[in-house]
Amino acid sequence: MRIVVADDHALVREGLTLKLENKYPDAEVLDVGDGRSLLNELQRKSGISLVLMDLTMPNTRPFELLKEISQKWPLTKTVVLSASESQHDVDQAMDNGARGYIPKTMKTQNMLSVLDQILKGKVFIPELADDISVAENQPPKKRSKRKSSLPSAITPRQKDVLKLMLKGSTNSTIAQELNVSECTVKIHVTNIFKA
Numbered sequence: 001m002r003i004v005v006a007d008d009h010a011l012v013r014e015g016l017t018l019k020l021e022n023k024y025p026d027a028e029v030l031d032v033g034d035g036r037s038l039l040n041e042l043q044r045k046s047g048i049s050l051v052l053m054d055l056t057m058p059n060t061r062p063f064e065l066l067k068e069i070s071q072k073w074p075l076t077k078t079v080v081l082s083a084s085e086s087q088h089d090v091d092q093a094m095d096n097g098a099r100g101y102i103p104k105t106m107k108t109q110n111m112l113s114v115l116d117q118i119l120k121g122k123v124f125i126p127e128l129a130d131d132i133s134v135a136e137n138q139p140p141k142k143r144s145k146r147k148s149s150l151p152s153a154i155t156p157r158q159k160d161v162l163k164l165m166l167k168g169s170t171n172s173t174i175a176q177e178l179n180v181s182e183c184t185v186k187i188h189v190t191n192i193f194k195a
C-alpha cells in the first residue's frame, strides 16, 4: 500500500508520516508540500491507496485538485486534513471527491481509526464542528446536502460517542463523560463503524 501526505508544513508531514508508518508498517508513505508535487507523485507511482491533503497549500486550488484526483485516480481515497472546520469547506471537499474530512483538532488515535474505516470503503464527514457522521459507500454529493448523514441504525448514545471522539476524547474520557464503562464505549465505537 502507498500513502501520500500532502501539506505545506514539514513538521506536519513528518509527524503524520511517522504515525502512518507505525500504523501501517508495510506501507510506503510519501510526502509532498504542494498540489503540483502531489499530482506528480500520483502520476509517477502506481497503486496509491490513500492521500491525506491539506486545503491550504501554496499555489494549489484544493477543490479543483480533489476533483482532478477523483477523476483520474478513482481508486485512490483522498482525505482532507484541515485546520478549517467550515461547513462550506467540508461540503466543497466532499462534493469534489474527498472520501473524508478530518479536522486537525482530532487526536491522532481517532484519526487513525477513521483512516482504517475509509480504507475499508467508508466515508467520514463532519457535518458541523459538533455533529459528525460515518456513512458507507454513498456518493459524496448526496451525503453532503443532507441535514444529517447519520445512518438510522446509530443510536443517540452512539452519536454522543461520535461527537466526543471528534473533540479528541479518549475512550476513558468518553466513558467518564457519559457515565458508562470504557468497555461500553468500545462496543459503541465498534457498532458505529458497523452501521
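Residue numbering for the sequence shown follows the numbering used here, beginning at 1 and increasing consecutively. The beta carbon of each residue, even a glycine, is placed where N, CA and C say it ideally should be. As the structure is a prediction and not an experimental result, all values here were calculated from the model.
Query	Result
Option in K122, T108, A6, N191 with minimal Cα separation from K23	T108
Residue ranges of each beta strand (DSSP E) within the region 8 to 75, 3 or longer	28 to 32, 48 to 53
Distance, L42 Cα to Q176 Cα	44 Å
Limits of the alpha helix (DSSP H) - the one that A93 falls within	87 to 95
Length of the line joining the Cα atoms of R157 and L166	15 Å
In DSSP terms, what P156 is bridged to	Beta-bridge pairing links P156 to no other residue.
Nearest-angstrom beta carbon gap, V79 and R99 [assumed within contact, 8 Å]	6 Å
Buried or exposed (CB count within 10 angstroms, at least 16 for buried), G35	buried
Expected contact under 8 Å - CB spacing of I69 and V90 to nearest Å	The Cβ separation is near 17 Å, so there is no contact.
Span separating the alpha-carbon of K163 from that of A27	30 Å
Classification of A10 by the beta-carbon crowding that lies within 10 angstroms, buried from 16 upward	exposed
Assigned secondary structure, T78 (DSSP; H/G/I helix, E/B strand, else coil)	strand
Whether P62 touches E85 by CB criterion (8 Å)	no
Secondary structure of A6, DSSP reduced to three states	strand
K107 in three-state terms, based on DSSP	coil
K122 in three-state terms, based on DSSP	strand
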